[in-house]
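Quick note on numbering: the sequence shown equals residues 1 to 943 in UniProt numbering.
Cβ atoms here follow ideal geometry from the backbone N, Cα and C, with glycine treated the same way.
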Amino acid sequence: MELHDYHPAHHSEELERRTKETLKLQEEVEQATKLTLEKMGRTVSSTDMSGNHISTNHKSEVSPDFGVNTQHSYIYPINSDVDVNVESFLNFQGRDVLKHALEDYSQQVSDLQKQLRETYELHELQKFNFHQSIIQLENKLQESQNEKGILINLRQKDSEKNTKLMEQLQASEEELHLLKQAEGHKLMEAEDKVKTLNRRAELMTQMLQDIFTRLSDSEKRSGKSSGLCYDRAFSPSQLHLGPAVEKALLDLENDNRGLWEKLQMVQRQLKDLQERCQEKTECLLQEHKEIVEQLITSHEQEVAMLTEKLKNSQANTDGLEHQVEILKQQLQSQTSLHQSEMSDMESELSLLRSDLVEKQKSYTTKTELRQTAEELCQERQQKHKLEQCSLGVQQLENLVRSLREQCQTHEDMESSEVARRLQSLDKWDAELPLKQQEMQQGCAQLEEAHTQVQALQTEVELLKLRLEDGKNSGELLMRPLVALQQERKSLAKQLEQLWLDNQQLRAALLEAEQRLSALEQEKTQQRAALSERASSLHQLTLEKQQMTAELESERKKLDQLEEEQEALREEHSRKTEELQWQNSKLKAQRNTIRNDLEKAKSTLKALEGADEHGLKVALGIQKQITAKREQIDLLQSRVQMLEESTEKLTQEKNHQVMKSKRQAQMLLFERERRKRLETGLEACRSKENLLKSEIERLDTALHKMSDSFVECQEYIQKQQQEIMRLKLQHTLELKEGQNLRSTSATTCEQGQDILPTNNICTSLITSPSISAQVSFQAHSASQLNISSRKCSPVLELRSLVKELHSVIDMEQTPDTFYTSSRRSRNEQDPVRVCNFNKQDMSGAFSTNNEAGLRVCRPQHNSFCVASLGRRSPVHSLLTSDLPSSICNSLRTQSPSLTAQTSFIKQAEIAGQTCKKQQSKLTSLQNKAEDYQIKKKVLQKRPL
1 MELHDYHPAH
11 HSEELERRTK
21 ETLKLQEEVE
31 QATKLTLEKM
41 GRTVSSTDMS
51 GNHISTNHKS
61 EVSPDFGVNT
71 QHSYIYPINS
81 DVDVNVESFL
91 NFQGRDVLKH
101 ALEDYSQQVS
111 DLQKQLRETY
121 ELHELQKFNF
131 HQSIIQLENK
141 LQESQNEKGI
151 LINLRQKDSE
161 KNTKLMEQLQ
171 ASEEELHLLK
181 QAEGHKLMEA
191 EDKVKTLNRR
201 AELMTQMLQD
211 IFTRLSDSEK
221 RSGKSSGLCY
231 DRAFSPSQLH
241 LGPAVEKALL
251 DLENDNRGLW
261 EKLQMVQRQL
271 KDLQERCQEK
281 TECLLQEHKE
291 IVEQLITSHE
301 QEVAMLTEKL
311 KNSQANTDGL
321 EHQVEILKQQ
331 LQSQTSLHQS
341 EMSDMESELS
351 LLRSDLVEKQ
361 KSYTTKTELR
371 QTAEELCQER
381 QQKHKLEQCS
391 LGVQQLENLV
401 RSLREQCQTH
411 EDMESSEVAR
421 RLQSLDKWDA
431 ELPLKQQEMQ
441 QGCAQLEEAH
451 TQVQALQTEV
461 ELLKLRLEDG
471 KNSGELLMRP
481 LVALQQERKS
491 LAKQLEQLWL
501 DNQQLRAALL
511 EAEQRLSALE
521 QEKTQQRAAL
531 SERASSLHQL
541 TLEKQQMTAE
551 LESERKKLDQ
561 LEEEQEALRE
571 EHSRKTEELQ
581 WQNSKLKAQR
591 NTIRNDLEKA
601 KSTLKALEGA
611 DEHGLKVALG
621 IQKQITAKRE
631 QIDLLQSRVQ
641 MLEESTEKLT
651 QEKNHQVMKS
661 KRQAQMLLFE
671 RERRKRLETG
681 LEACRSKENL
691 LKSEIERLDT
701 ALHKMSDSFV
711 ECQEYIQKQQ
721 QEIMRLKLQH
731 TLELKEGQNL
741 RSTSATTCEQ
751 GQDILPTNNI
761 CTSLITSPSI
771 SAQVSFQAHS
781 ASQLNISSRK
791 CSPVLELRSL
801 VKELHSVIDM
811 EQTPDTFYTS
821 SRRSRNEQDP
831 VRVCNFNKQD
841 MSGAFSTNNE
851 AGLRVCRPQH
861 NSFCVASLGR
871 RSPVHSLLTS
881 DLPSSICNSL
891 RTQSPSLTAQ
901 TSFIKQAEIA
911 GQTCKKQQSK
921 LTSLQNKAED
931 YQIKKKVLQK
941 RPL
């Protein structure tokens, strides 16, 4: 992030530095142009004054600007002894040198034009790439915003689902609480019934004790023995019921032993169940404590970062504590139930023991036929009760079936909700290709814009070709002298237009800087959005971690519940087997009792004529038997209650199994959600990387744009300098016309004034050249006018170029080495000219001098560039050699006019092309801005 923050500041500093450099260069150009214009005005005024003075007084007053020209013009009368053939040869070779120089200048001009074209094409390509990258960034911003909205919607849906699940859990907990309250009421009612039955049993025991005392008294009185057995043959004389009662008591004792063993087994099982329940409760409590501790630690860690989530976490902890309290209450109720059952079993065992003792005492007497009838009635009642119990069992089975159907319907509802969620996800997946199609349409629009830009580039190339054709046609066409004044006005207008264009380009630079600042603001906004996104992703990851921890805890709970369910199933199967075994034993006892009753009936029929006392005893015994059977019925009812409790436990287990299934489904859903979030995170990371790469690309594009702006400014400066050069050439050509008029009248007088300067120049020349000069003065004076007319403009141009060199050197303050070398070369230039002319006259024009004339100027320019670094464009233009138009002016009688017209036409065409190119650039910028505005409007529209 620090690197990205650094780049825009660095770019802005570079842009400011480059703008300052361009302003400095423009100021230098303006100062140089002012100085040259002032000097040109001085030279024009001096030539006018000299012409007037010659016409009135026939005297020459030469200005210091034209000192060098007069010196060179006076060389020709000295060389008067040379033949006409030598002069023609000299003129021919000088023309060749000028032709070579013109060819070099034309090549330089073509190279500059190529460079300008290449820079313009590079500028357009960079601009197009910059706009394209901006469009891509805007598209990616839209995508990121859409994805952010989708994530927010998903989070809202997940929160709604969690609230619904919490509401369902609360409703289920309330239902369980109501069921437990109903069970408690039922248990209270059962305890009341047990108390009433205990009271009845106590009354029966009292009755049996009275009967036993009466029987013992009656036996003592009667002196009967109870030594009868049922193995012996039955006879009415022997009506002792003692052995039969003893056998029945022995059978009952054996049954009681079996029941006692069963009760011991049941007690052991109950103890095991209590121990298991205690262990499970301890495990559950420890697990809940661990879960609560984990949640508390996680919440303490997240307090510093997320204050809003504290409320949710506190609510979750309160809910978990409430659940723990509910579980504790359930465990306490279960333990109390087990304790109450143990107390009931112990009371029943004590009753059975007391019953056994009472039976041993009460079965000494025998019953009569009424007992058998009453017993049959009681058996019928028991059958009816058993049928009622079977009906109750069927009703319970129906209830279980209805509960199972309700559970299945609830599962179907949950599956339908899952299907709806999957359908919603499928809808999202179906909407994704539509969005991709919209993106493809946007890409197609971008490609169309790219094709339009390419078409505009082709049009620009055609315009450039037309410009080249116009240049070629302008060189062929020639205009008269009268059009010079009109062309001057057109040049002035063009200068004004170029000034306006320069201001427009400055305004465009300011707009570009404003756009860069806007882009930097957008970058900061994007970075802020990315930071917000990162924070939201961090929050999502934290929530995921919390959910995973909760899911793991729920998994552990489910595993524990499954283990408990399996243990309860095993216990239920064992209890059912034991109850079935007890039922089979009771049925066997019932059959034995029936057999005993039949035997008793047979004995009672034989004993119809017994005493009333025996009948009373039989009635008491019958009552005791009925009481015992009622106790047996109570035991059966308790067994049924135990079966009902086991059925309730099985129902609770089924309910827990359903809960575990639901929780497993929720776990699967959370896993899928986690996978989706992981995919979303990967997509966000990839998008972040893409945004970083695009930001780097934009940085490079900004660098390129800044370079292209600098190149455009240089191109405009070069155009202005070309126009100034044309002005300079025009003024020089005007001077040539004035000098041609004035030289015919002032040649003689100028010769007398310039003799001392000529002696300085001739000191460097050899002695044969001096004799040739003296002879040449004597022979021909007419040829002086022709030679002065041919060479005076060239010498004037050279002197002006030297003065401009000196002005530029003074302004730019170069190094001492460069100034010394430059001055030495400027001092050697007139000597070179003199040597050139004299060697041509003497016929010794060697190849060394040609090479010096051709190579001297480029070496000088390269040295300047190497020593000063980056010179101003005015310096490069002023230090260049003479143009081709001035060399052509030496060949023809009217050279200055033709060169002026050709250069003015070229300048007009260049100005028109520049205007067209600027208009096209502005139109392209307007189109790009309209396209961006349309794109923003489309982004703001709701999807």
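Nearest-angstrom beta carbon gap, residue j and residue i [assumed within contact, 8 Å]
i              : j              : result
histidine 131  : glutamate 711  : Not really, about 19 Å apart at Cβ, beyond 8 Å.
isoleucine 326 : glutamate 173  : 7 Å
arginine 533   : lysine 186     : With 8 Å as the limit, arginine 533 and lysine 186 do not qualify as a contact, their Cβ atoms being about 59 Å apart.
leucine 698    : serine 133     : 6 Å
glutamate 287  : leucine 635    : Going by Cβ atoms, the distance from glutamate 287 to leucine 635 rounds to 40 Å, so no, they are not a contact pair.
glutamate 694  : glutamine 136  : 6 Å
alanine 190    : methionine 641 : 7 Å
serine 708     : glutamine 126  : 5 Å
glutamate 275  : threonine 626  : Their Cβ separation, rounded to whole angstroms, is 41 Å, which puts glutamate 275 and threonine 626 out of contact at 8 Å.
lysine 289     : glutamine 582  : With 8 Å as the limit, lysine 289 and glutamine 582 do not qualify as a contact, their Cβ atoms being about 42 Å apart.
glutamine 719  : leucine 498    : 7 Å
lysine 585     : glycine 258    : 7 Å
Burial state of residue i (16 or more Cβ within 10 Å)
i                 : result
valine 194        : buried
isoleucine 933    : exposed
lysine 24         : exposed
histidine 730     : buried
glycine 620       : buried
leucine 203       : exposed
methionine 166    : exposed
glutamine 168     : exposed
asparagine 739    : buried
threonine 22      : buried
leucine 399       : exposed
alanine 201       : buried
aspartate 412     : exposed
serine 742        : buried
leucine 510       : exposed
lysine 271        : exposed
phenylalanine 817 : With a pLDDT of 41 at phenylalanine 817, under the threshold of 50, the predicted position of this residue should be treated as unreliable, though the coordinate-derived value follows. Its Cβ having fewer than 16 others within 10 Å, phenylalanine 817 is exposed.
leucine 98        : buried
Beta-carbon gap between residue i and residue j smaller than 8 Å
i             : j              : result
leucine 537   : leucine 681    : yes
residue 992   : glutamine 378  : No information on residue 992 is available, as it lies outside the stretch 1 to 943 that the chain covers here.
glutamine 656 : leucine 542    : no
serine 350    : threonine 205  : no
leucine 568   : lysine 659     : no
aspartate 633 : glutamine 382  : yes
tyrosine 715  : threonine 119  : yes
leucine 530   : leucine 702    : no
serine 333    : lysine 180     : yes
lysine 140    : lysine 687     : yes
alanine 549   : glutamine 294  : yes
lysine 523    : leucine 677    : no
glutamine 494 : isoleucine 723 : yes
glutamate 564 : lysine 280     : yes
histidine 572 : threonine 679  : no
lysine 916    : leucine 463    : yes
lysine 616    : methionine 207 : no
Any non-hydrogen atom of the ligand FAD closer than 7 Å to residue i Cβ
i          : result
lysine 936 : Because no ligand of any kind appears in the structure shown, any question about the ligand FAD cannot be addressed here.
Closer than 8 Å to chain B by CB, residue i
i          : result
lysine 114 : This model lacks chain B altogether, as it is built from one protein chain only.
When the Cβ atoms of the stretch 537 to 556 are set against those of the stretch 659 to 673, are three or more pairs found closer than 8 Å? Under the Cβ criterion (8 Å, minimum of three pairs), the stretch 537 to 556 counts as touching the stretch 659 to 673.
Can we say the stretch 666 to 682 touches the stretch 561 to 579, given the rule of at least three CB pairs closer than 8 Å? Proximity of the stretch 666 to 682 to the stretch 561 to 579 falls short of the contact definition, fewer than three beta-carbon pairs being nearer than 8 Å.
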